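In the working numbering, the protein residues as written are 1 to 69.
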């Protein structure tokens, strides 16, 4: 319980103010960061799939076979 109290106080101390709802530029900036984050992960996944094509083709075939059964 002691650890949870410490973490709660730490979270409260580091918590930032929420974006102002009436300021569209704040929301646009946040959305832009979210899309950049998603794009970074998509690129990493694509690279991993390219480097491990056999593994992914096997997964796709086995998934397709399950759908037919």
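Quick reminder that beta carbons are idealized off the backbone N, C-alpha and C, glycines included.
Model, not experiment: these values are computed from the prediction.
Where the alpha helix (DSSP H) through residue i begins and ends
i: residue 23; result: Per DSSP, residue 23 belongs to no alpha helix (DSSP H) and is neither H nor E.
Contacting residues, own chain, Cβ-Cβ under 6 angstroms from residue i (five flanking each side not counted)
i: residue 56; result: 49
Straight-line Cα distance separating residue j from residue i
i: residue 33; j: residue 46; result: 20 angstroms
i: residue 35; j: residue 22; result: 21 angstroms
i: residue 24; j: residue 37; result: 20 angstroms
i: residue 66; j: residue 58; result: 12 angstroms
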